[in-house]
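Read the structure below first, then the notes.
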Amino acid sequence: GDSVTQMEGPVTLSEEAFLTINCTYTATGYPSLFWYVQYPGEGLQLLLKATKADDKGSNKGFEATYRKETTSFHLEKGSVQVSDSAVYFCALIGGQGGKLIFGQGTELSVKP
Amino acid sequence: NAGVTQTPKFRILKIGQSMTLQCAQDMNHNYMYWYRQDPGMGLKLIYYSVGAGITDKGEVPNGYNVSRSTTEDFPLRLELAAPSQTSVYFCASSLVLGRWNTEAFFGQGTRLTVV
Chain D
4 GDSVTQMEGP
14 VTLSEEAFLT
24 INCTYTATGY
34 PSLFWYVQYP
44 GEGLQLLLKA
54 TKADDKGSNK
64 GFEATYRKET
74 TSFHLEKGSV
84 QVSDSAVYFC
94 ALIGGQGGKL
104 IFGQGTELSV
114 KP
Chain E
4 NAGVTQTPKF
14 RILKIGQSMT
24 LQCAQDMNHN
34 YMYWYRQDPG
44 MGLKLIYYSV
54 GAGITDKGEV
64 PNGYNVSRST
74 TEDFPLRLEL
84 AAPSQTSVYF
94 CASSLVLGRW
104 NTEAFFGQGT
114 RLTVV
């Protein structure tokens, strides 16, 4: 069945460091790919999305490119801030009947 | 436009009690989902629905039941609550039309404690 695999956390970075969180997927058909963010004590918010191969989603300085050849959707940010500390979830819809499937989440902690 | 609304926000149950978590969406989405999130963990799919009258099990359906009598509502029923059901529950919805779909929209969650 469809699945999403993220790099394990926690990831600890200093402010202004470069961030990469790896995400790979397995899916039949043509899934849409998403990154969600969860700040402490809150629900999930959509961070960015991409609906077809080679699309680049971007928001708040974060970017991810839908790579069908490597089945990946890695999240990147050039310069992280303390306020980016949160848990990041990679997810997909589609493929197997429209079910929304999440990776296990990656906790990011940014130190001043 | 309220999006996805979950009630209640917090609840404490005694072992063996039952309750229904409510979820409603006003976006005319066909797909709806229930997840649970244990402390420090990811989201586990409990049940989902692809439309009114159609539901299916996710990864962790035991101890829960759902129904989908209307497009808008997708209640989650807990029968005989157990401490292992202490968690935060999230409802979500999305519109899926063949190969095209929106992102999933989430409710604010229900924090349930079973004592």
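Same order as they appear, the protein sequences are chains D and E.
Count along the first sequence from 1, then add 3; that gives the number in the numbering used here.
Count along the second sequence from 1, then add 3; that gives the number in the numbering used here.
Glycine included, C-beta positions come from ideal geometry on N, C-alpha and C.
All of these numbers come straight from a predicted model, not from anything done at the bench.
Check: What first and last residue would you give for the beta strand (DSSP E) that runs through E/Val118?; Outcome: It is not in any beta strand (DSSP E) - E/Val118 carries neither H nor E in the DSSP assignment.
Check: Counting only Cβ pairs nearer than 9 angstroms, list the residues of chain E close to D/Ile96.; Outcome: Tyr34, Ser97, Val99, Asn104, Thr105, Glu106, Ala107
Check: Mapping the DSSP letters down to three states, classify D/Val14 as helix, strand or coil.; Outcome: strand
Check: My understanding is that D/Ile96 touches D/Ser35, with C-beta atoms under 8 angstroms, so please give their C-beta distance in whole angstroms.; Outcome: 5 angstroms
Check: By Cβ distance below 7 angstroms, which residues in the same chain neighbour D/Thr74 in space, the five residues on each side in sequence not counted?; Outcome: Thr27, Tyr28, Thr29
Check: Cβ of D/Gln84 less than 7 angstroms from any chain E Cβ?; Outcome: no
Check: If contact means a Cβ-Cβ distance below 9 angstroms, which residues of the segment 52 to 73 of chain E contact chain D?; Outcome: Val53, Asp59, Gly61
Check: Between the alpha carbons of E/Gly43 and D/Glu45, how many angstroms are there, rounded?; Outcome: 13 angstroms
Check: If we cut at 7 angstroms on Cβ distances, does D/Leu22 have a partner in chain E?; Outcome: no
Check: So, helix, strand or coil for E/Ser97, using DSSP?; Outcome: strand
Check: Near E/Pro203, what residues of its chain come up, given a Cβ to Cβ distance below 8 angstroms and the 5 sequence neighbours on each side ignored?; Outcome: Here chain E has residues from 4 to 118 only, and residue 203 of chain E is not among them.
Check: Can you check which of these residues, E/Pro86, E/Leu46, E/Tyr38, is closest to E/Ser52 by C-alpha distance?; Outcome: E/Tyr38
Check: Quick check on E/Glu106: buried or exposed, where buried means 16 or more other Cβ atoms within 10 Å of its Cβ?; Outcome: buried
Check: Taking CB distances under 7 angstroms as the criterion, tell me whether E/Gly112 reaches chain D.; Outcome: yes
Check: According to DSSP, is D/Val85 part of a helix, a strand, or is it coil?; Outcome: helix
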